[in-house]
DNA sequence: GTTGGGTTTAGGCGCTTGGTCAACTTCTGG
DNA sequence: CCAGAAGTTGACCAAGCGCCTAAACCCAAC
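Residue numbers (this note's numbering), protein chains in the order written: chain Z, 5 to 206; chain V, 5 to 206.
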């Protein structure tokens, strides 16, 4: 097994375990066992356990950022189409990287590693604010950029963070293709309502 | 110091620490120190650390449930007014019990203590679904009860869970009276858009 | 064939954790 | 006033933690 594969295996195991159990509760021994790699190699390749989490977030945010930028870079017929595609891209990313939103949400709710997360989120957030300001130059009262972004973000992310709760509450799988498609339609629908109001109010 | 005061002090310290640091990272020693109480007393009065968390959640959910039921029990002039008051009640509760949403969010995102949280949430959720079904007998496509509830829930809760992130992103205090009032107006506004669509589509 | 650097290994060190315990004090009903 | 229950205490324990170390291993370059 070459060194790159080792690092990859460690990252994958850590991703799964941090997502499933949480950062604090996951031990380096767990990661070693799951990845079939010696415990000391984690520290050899990544440094401390915190450094490992950072490497994980680094990779995920890079992927997410690339996907979102690609979506924004492609011109669409309408503002609505642009937003729709962006939201779908985001939802698809979260669906594919199920652990990601849970890790982020948990660390944010703990107040730990917040700096790192803010660091990565800030450019996207600023992009969103700037983009909203550009597309709609006079947002109506109660629909300012920060509140709208927080609402849309919460709407998208909550489905994934609360997946297990929703599963138990509804008795259905919230991550089934049908349920995911329905959720995406719902998110788009709400976004359309917001857009209509934003455009109507200028 | 009598026994009740001791228990109260422990609960308050645990609430603050679980909210600020997280359940896993908070030690019984931390709680003992912060509450000015001997470590062994935590176990004497509450059992295990898990039991302590449960006692905490129990109390918070009882308060929340009472507040929401009181809001629903009072008849209002319109459906909109009813919803507005309910949302305000919820937001006020979260603003007053800042640690609560963070604790819940973190535990949910960890997949731990989910049973307990589902147990408490289920009745409220079912109430919400039933109530939506009653008030609006044919919800339009893409605005089914589960999705709408998840959206509204996410919208309200995200502001509090991501408080620290928002503070850093915007440079402003998201929990200042002005910001909270603005957030409440925004949430009501979005709820109104949803309601209009729900009522128009039947 | 040997050298040397990158990689892997078992083992263990120092420390913190949740939880227990027996002894002590304080409260309370008879 | 006293006995027993309730509450409180610091010392203590086994278990598990992150991280480190010293030695072994591997393999390309000379």
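Quick reminder that beta carbons are idealized off the backbone N, C-alpha and C, glycines included.
Check, Outcome
"How many angstroms separate the CA atom of residue 141(Z) from the CA atom of residue 202(V)?", "29 Å"
"If you scan the segment 114-166 of chain Z from start to end, which runs of the alpha helix (DSSP H) of 4 or more residues do you find wholly inside it?", "118-139 and 149-165"
"Show which residues of chain Z have a CB atom less than 9 Å away from the CB atom of residue 177(V).", "The contacting residues do not exist; residue 177(V) stays about 12 Å from chain Z at best."
"Could you round the C-beta distance between residue 59(V) and residue 50(V) to whole angstroms and report it? I think they count as a contact, below 8 Å.", "6 Å"
"Under 8 Å between beta-carbons, which chain Z residues line up against residue 142(V)? List them in chain order, please.", "Neighbours of residue 142(V) on chain Z: none; closest Cβ ~16 Å, over 8 Å."
"Output needed in chain order: residues of the segment 112-125 of chain V with a Cβ under 9 Å from some Cβ in chain Z.", "112, 113, 114, 115, 116, 118, 119, 121, 122 and 125"
"Once DSSP output is grouped into helix, strand and coil, what is the label at residue 80(V)?", "coil"
"Taking residue 54(Z) as the reference, which of 15(Z), 98(Z), 94(Z) and 129(Z) has the closest Cα?", "15(Z)"
"Please state the DSSP three-state secondary structure of residue 42(V).", "coil"
"Closer than 7 Å by beta-carbon distance: list the chain Z residues that pair up with residue 159(V), in chain order.", "155, 158 and 159"
"With a 10 Å radius around its C-beta and 16 neighbouring C-beta atoms as the bar for buried, classify residue 176(Z) as buried or exposed.", "exposed"
"In this structure, how does DSSP classify residue 6(Z) when only helix, strand and coil are distinguished?", "coil"
"Which residues in the same chain as residue 92(V) place their Cβ atom closer than 7 Å to its Cβ, once the five residues preceding and following it in sequence are excluded?", "188"
"So residue 124(V) and residue 61(V) are in contact, right, with Cβ under 8 Å, and what is the actual spacing, rounded?", "7 Å"
"In three-state DSSP terms, what is residue 90(Z)?", "helix"
"Is residue 204(Z) helix, strand or coil when you go by DSSP?", "helix"
"For my contact list, residue 169(V) and residue 112(Z) are in at a C-beta cut-off of 8 Å; report their separation, rounded to the angstrom.", "6 Å"
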